[in-house]
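Below is one structure; the comments refer to it alone.
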Amino acid sequence: MSVLIAGAGIGGLTTALMLHAHGIKATVVEQAAEVREVGVGINTLPHSIAELAELGLLARLDEVGLRTRELRYLTRNGQEIWREPRGLHAGHEYPQFSIHRGRLLKVLFDAVVERMGREAVLTGLRLSGFIQDDAGVTAHFVDTADGLGSRTMRGEVLICADGIHSVGRRRFYPDEGVPSWAGVVMWRGAAEWPVWEDGETMAIAGGLGAKLVIYPIAPARDGRQLMNWVVNVRVADASVSPPPPESWSKQASLAKVLPYARRFHVPGMDLEALVRASGPIFEYPMADRDPLPRWTHGRVTLLGDAAHPMYPVGSNGAAQAILDARCLADEMAAAEHPREALYRYEQDRLPKTAEVVRTNRLGGPERVIDEVEKLSPRRFENVDDVLGYEARKAIVKGYAKMAGFATKEDA
Ligand SMILES: Cc1cc2nc3c(=O)[nH]c(=O)nc-3n(C[C@H](O)[C@H](O)[C@H](O)COP(=O)(O)OP(=O)(O)OC[C@H]3O[C@@H](n4cnc5c(N)ncnc54)[C@H](O)[C@@H]3O)c2cc1C
Numbered sequence: 004m005s006v007l008i009a010g011a012g013i014g015g016l017t018t019a020l021m022l023h024a025h026g027i028k029a030t031v032v033e034q035a036a037e038v039r040e041v042g043v044g045i046n047t048l049p050h051s052i053a054e055l056a057e058l059g060l061l062a063r064l065d066e067v068g069l070r071t072r073e074l075r076y077l078t079r080n081g082q083e084i085w086r087e088p089r090g091l092h093a094g095h096e097y098p099q100f101s102i103h104r105g106r107l108l109k110v111l112f113d114a115v116v117e118r119m120g121r122e123a124v125l126t127g128l129r130l131s132g133f134i135q136d137d138a139g140v141t142a143h144f145v146d147t148a149d150g151l152g153s154r155t156m157r158g159e160v161l162i163c164a165d166g167i168h169s170v171g172r173r174r175f176y177p178d179e180g181v182p183s184w185a186g187v188v189m190w191r192g193a194a195e196w197p198v199w200e201d202g203e204t205m206a207i208a209g210g211l212g213a214k215l216v217i218y219p220i221a222p223a224r225d226g227r228q229l230m231n232w233v234v235n236v237r238v239a240d241a242s243v244s245p246p247p248p249e250s251w252s253k254q255a256s257l258a259k260v261l262p263y264a265r266r267f268h269v270p271g272m273d274l275e276a277l278v279r280a281s282g283p284i285f286e287y288p289m290a291d292r293d294p295l296p297r298w299t300h301g302r303v304t305l306l307g308d309a310a311h312p313m314y315p316v317g318s319n320g321a322a323q324a325i326l327d328a329r330c331l332a333d334e335m336a337a338a339e340h341p342r343e344a345l346y347r348y349e350q351d352r353l354p355k356t357a358e359v360v361r362t363n364r365l366g367g368p369e370r371v372i373d374e375v376e377k378l379s380p381r382r383f384e385n386v387d388d389v390l391g392y393e394a395r396k397a398i399v400k401g402y403a404k405m406a407g408f409a410t411k412e413d414a
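With our numbering as the guide, the letters of the sequence shown map in order to residues 4 to 414.
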């Protein structure tokens, strides 16, 4: 069996490693000139870390990432609504990692090259189309260096792990149009910063319309560590189209972000100074797409953000891509025919991820912040008087159960 994978993101590279572990040959084809360490912070939940641990990557993750100990939800003016232990501290068998996306990508890329050879990842080639027949798929790629050259490759299966602007998805759903965008922009950055709290805690202040997220993404050294931050603010009407794909991770100026960052307060953290101390600030629209009726069409399927782009709440984007990879690789190893494997993969993963997409639109577990801010727009004396413990727990733990990472205690 030989498998073509379009896209060397977290989804595509993990799929390649898992197929290789089953003895299935895979080639990853990436549009970028190199697999670069781009992005800022990302959280990967225990159920997806279990899969990376099975690939033998836990020690490497520990070298570059941070095991998250605690999560706090706050109002945008810093009043506490909820706190809970995470990962091993919550009773999971595996940790939750807060990690720089680029470093996670590098761990995966290095493992692919070591185990499968450098030739397993081809770069500078963008999937432009494909045709399938009874024996396999012929995929066409455009050389992104000059836009003139092209390459044709053949595989028994094609997996489109090519992100939210997926070419594979557009081939099957040409009328789908642009991603849906509720007008919320996310600015992300990171700075070397004095350790905040225990150095292993993440905090989310504010609900869907205006939110701040902070978490450290590397182990502390000499009292400092890399601190990631995200500011989400609704800046446009939901009827406005999202920016075009080429400007999705553009850099933003400090002057643009500071007035928004100043709206938030987190006890013990000088947010303005953190934002000022950051390296490049990246701007992304917070967008997703409606769940699809099908991902698999014969010998071609979608995976990760190509299949189910979701709002980045509840720390699920990368985790769900990793769970897709596990399911797909296992089905490929077990099935008698590739079509059967792709069909079974879709049957398992599509309904589960559709539920996450829908729940994230309502704020995911962070909806608990929206609910409290709605009931008490100003400061409160005691959060229990605004929304009782059981009601808050139902939102937060209900999400963990739905997204597949509840502990035995939560379930
Ligand atoms: C540049 C970038 C930065 C990001 N930064 C963050 C971040 O800071 N924090 C966070 O939480 N999430 C971030 N994300 C999103 C997060 O990585 C994904 O939601 C999640 O990991 C799912 O990954 P995926 O592999 O399905 O898709 P992606 O991560 O989107 O990966 C898709 C890959 O496919 C490639 N590709 C696209 N089209 C084609 C094509 N036609 N042919 C070949 N290759 C193609 C892309 O270049 C990319 O490498 C980022 C994504 C990108 C692309």
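Cβ atoms here follow ideal geometry from the backbone N, Cα and C, with glycine treated the same way.
Backbone secondary structure at residue i - three-state DSSP
i      : result
Gly407 : coil
Pro341 : helix
Asp146 : strand
Gln228 : strand
Arg292 : coil
Gly401 : helix
Trp336 : According to the sequence shown, residue 336 is Ala rather than Trp. Ala336: helix per DSSP, three-state reduction.
Ser242 : coil
Arg352 : helix
Ser379 : coil
Ala56  : helix
Glu393 : helix
Pro177 : coil
Glu83  : strand
Ala19  : helix
Ala62  : helix
His95  : coil
Arg39  : coil
Glu374 : helix
Gln331 : The sequence shown places Leu at residue 331, not Gln. If DSSP states are grouped into helix, strand and coil, Leu331 belongs with the helices.
Pro368 : helix
Gly202 : coil
According to DSSP, residues forming a beta bridge with residue i
i      : result
Arg172 : Paired residue(s): none; Arg172 is not in a bridge.
Ile3   : In the structure displayed, the chain extends from 4 to 414; residue 3 sits before or after that span and is not available.
Ile27  : Ile27 is not bridged to any residue.
Ala9   : Val32 and Cys163
Gly158 : Val140
Val359 : Answer by DSSP bridge pairing: none, since Val359 is not bridged.
His300 : Val303
Val386 : Looking at the DSSP assignment, Val386 forms no beta bridge with any residue, so it has no partner.
Ile45  : Ile102
Val234 : Trp190 and Leu215
Arg70  : Phe100
Glu286 : Trp190 and Lys253
Pro182 : According to DSSP, which records beta bridges pairwise, Pro182 is partnered with nothing at all.
Trp196 : Gln228
Pro88  : Glu73
Pro153 : Note on identity: in this sequence residue 153 is Ser, with Pro being the wrong assignment. For Ser153, which the question treats as bridged, DSSP gives the partners Val145.
Cβ separation of residue i and residue j, assumed to be a contact under 8 Å, to the nearest whole Å
i      : j      : result
Leu74  : Met205 : 5 Å
Arg164 : Gly307 : One point to set straight first is that residue 164 is Ala, not Arg, in the sequence displayed. Right, the Cβ-Cβ distance comes to about 5 Å (below 8 Å), so this counts as a contact.
Glu374 : Ile398 : 7 Å
Phe285 : Ala239 : Incorrect: roughly 18 Å between the Cβ atoms, too far for contact.
Phe144 : Ala11  : Going by Cβ atoms, the distance from Phe144 to Ala11 rounds to 13 Å, so no, they are not a contact pair.
Leu107 : Ile13  : 6 Å
Gly209 : Arg79  : 4 Å
Ala194 : Gly282 : 7 Å
Val260 : Val233 : The pair is not a contact, with the Cβ atoms about 11 Å apart (cut-off 8 Å).
Leu161 : Ala9   : 7 Å
Trp199 : Met230 : 7 Å
Leu345 : Arg302 : 7 Å
Gly68  : Phe100 : 4 Å
Near ligand 3: residue i beta-carbon under 7 Å from a heavy atom
i      : result
Ser252 : The model depicted lacks ligand 3 and carries ligand 1 instead.
- Item | Ordered list of alpha helix (DSSP H) runs contained in the segment 97 to 149, each at least 4 residues | Segments of the alpha helix (DSSP H) lying fully in the segment 97 to 149: 104 to 119.
- Message: What ranges does the alpha helix (DSSP H) occupy inside the segment 244 to 284, keeping only unbroken runs of at least 4 residues that lie completely in it?
- Response: Residue ranges of uninterrupted alpha helix (DSSP H) with 4 or more members, entirely inside the segment 244 to 284 and ordered along the chain, are 257 to 264 and 274 to 279.
- What runs of the beta strand (DSSP E), each 3 residues or longer, lie entirely inside the segment 303 to 328? Counting only runs of 3 or more residues that sit fully inside the segment 303 to 328, the beta strand (DSSP E) segments are 303 to 305, in chain order.
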